[in-house]
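Numbering (my numbering), first residue to last: 15 to 439.
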């Protein structure tokens with residue numbers, strides 16, 4: 015092994031041991047934001063890991079936080095059944111059990127196992143890590159997660175390249191621009207909706223994250239981000255109106271007028287450059303139906319989706335089995351997780367997936383940041399995603415499940431504590 019690599023590994027072990035000593039001897043409480051930020055934006059660290067140790071970098075994602083998680087699990091002894099007495103976890107477990115069962119009728123050439131392993135490594139295990147740490151210490155700071163997102167966006171802008179495979183689209187070496195855009199926009203969403211984030215963190219994350227996402231020229235993640243943000247914003251405004259009427263809006267009316275005037279002035283002054291920038295990018299299709307209908311990428315995906323619908327009609331109840339219409343059985347996936355799961359897992363698989371997802375969304379209906387993040391990441395999976403590499407929504411789903419209220423009476427105090435700790439800076 016290279017001496018430099020060996021020294022880096024030794025340094026990492028020393029840091030983990032030091033952190034463990036701080037938790038054990040000083041009685042420090044671990045913020046679940048560190049685990050969540052590291053898990054969601056892991057590719058910021060995986061990029062450097064690949065430079066020194068090429069190979070399966072996801073080992074670092076699974077192994078690095080495990081010492082802190084084990085300390086959290088055993089420091090305050092709790093029965094495992096009490097910790098995981100959560101209906102949402104068992105709903106997702108039932109879905110994964112059905113996915114595993116579908117291998118019995120899947121094609122021999124199916125790559126479904128690698129897809130599922132990807133989800134387990136990138137979403138399920140990190141989600142359970144975050145779940146355990148939060149359940150032990152009741153701390154989750156969105157400021158910490160936003161800083162991890164800022165680090166990712168800066169690394170993307172600094173080390174990104176314009177590969178021949180994706181001309182004009184800034185991409186981290188070995189990554190996909192859609193993936194880079196998804197993560198940068200997650201950082202922006204956290205900065206927009208996360209509570210108690212200082213302005214000196216919030217503004218840089220929004221600015222750098224948006225610039226990073228737009229540099230990828232990935233249309234699906236941008237569309238999902240806009241739809242999710244506007245939908246939840248309108249929902250909150252409607253709730254506020256029903257609760258307090260028009261009075262709260264009068265307070266912000268002058269500010270709203272100033273913002274509209276400034277935005278109108280900026281658009282008027284920079285109309286020419288803005289039109290040139292949009293016309294010369296892939297975002298034109300978002301503003302022109304004619305451009306969209308003539309877009310080769312869009313037409314290719316529609317063709318794949320129609321084939322997925324045909325497969326669903328031929329095998330409606332149980333599908334083709336996981337991996338049945340994705341590589342290597344087919345050359346491409348349909349870029350729509352709903353159609354992919356329907357054609358591969360049938361009505362039964364769709365029912366289990368939707369049941370777990372809707373339960374999770376209902377759980378976070380009052381948690382603005384998690385609700386937007388879930389809608390945004392699921393939207394990405396609907397527009398340009400697949401079952402394996404679209405892991406963010408499932409990771410966030412496991413995080414969201416920590417806010418399922420306990421049924422027992424003694425859980426009332428903890429529910430109040432959950433609400434308070436989520437809003438910490």
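Think of the CB as a built atom: it goes at the ideal place given N, C-alpha and C, for glycine as much as any other residue.
Helix, strand or coil for residue i? Go by DSSP, reduced to three states.
i	result
residue 298	helix
residue 340	coil
residue 172	helix
residue 439	Note that residue 439 has pLDDT 42, beneath the 50 cutoff, so the model's placement of it is unreliable and no number is given.
residue 185	strand
residue 33	helix
residue 404	coil
residue 148	helix
residue 179	coil
residue 433	Note that residue 433 scores 41 on pLDDT, short of 50, meaning its location in the model is unreliable and no value can be drawn from it.
residue 156	helix
residue 28	helix
residue 118	helix
residue 264	helix
residue 321	helix
residue 345	coil
residue 123	coil
residue 330	coil
residue 410	helix
residue 427	Bear in mind that a pLDDT of 44 at residue 427, under 50, signals an unreliable position, so the number given afterwards is only what the model happens to contain. Of the three classes helix, strand and coil, the one that applies to residue 427 here is helix, per DSSP.
residue 312	helix
residue 98	coil
residue 21	helix
residue 274	helix
Flag this pair as yes or no: are the beta carbons of residue i and residue j separated by less than 9 Å?
i	j	result
residue 408	residue 138	yes
residue 386	residue 371	no
residue 411	residue 51	no
residue 128	residue 335	no
residue 221	residue 157	no
residue 196	residue 47	no
residue 318	residue 358	no
residue 174	residue 201	no
residue 143	residue 57	no
residue 351	residue 314	no
residue 182	residue 64	no
residue 390	residue 205	no
residue 239	residue 186	no
residue 82	residue 34	yes
residue 66	residue 369	no
residue 27	residue 86	no
residue 145	residue 383	no
residue 363	residue 333	yes
residue 30	residue 78	yes
Which first and last residues belong to the alpha helix (DSSP H) in which residue i is found?
i	result
residue 194	191-207
residue 253	233-258
residue 358	351-377
residue 107	101-115
residue 57	57-66
residue 130	126-133
residue 85	80-89
residue 70	No alpha helix (DSSP H) holds residue 70; DSSP gives it neither H nor E.
residue 224	213-229
residue 10	Coverage of the chain is limited to positions 15 through 439, which leaves residue 10 absent and any answer about it impossible.
residue 335	That residue, residue 335, is in no alpha helix (DSSP H); it is neither H nor E in DSSP.
residue 390	382-398
Determine the closest residue to residue i out of the options, with distance taken between C-alpha atoms.
i	options	result
residue 361	413, 59, 116	116
residue 112	331, 163, 188	331
residue 179	313, 230, 394, 325	230
residue 226	190, 271, 168	168
residue 235	60, 406, 29, 394	394
residue 44	56, 155, 73	155
residue 84	149, 102, 59	149
residue 216	164, 259, 177, 228	164
residue 322	311, 353, 54, 344	353
residue 402	27, 355, 61	355
residue 134	416, 263, 417, 405	405
residue 1	369, 61, 79	The shown model of the chain, from 15 to 439, leaves out residue 1, and the question about it has no answer.
residue 415	66, 337, 101	101
residue 418	374, 384, 107	374
residue 365	59, 89, 105	105
residue 343	126, 132, 377, 55	126
residue 132	73, 103, 269	73
residue 340	130, 79, 296	130
residue 151	219, 89, 218, 190	89
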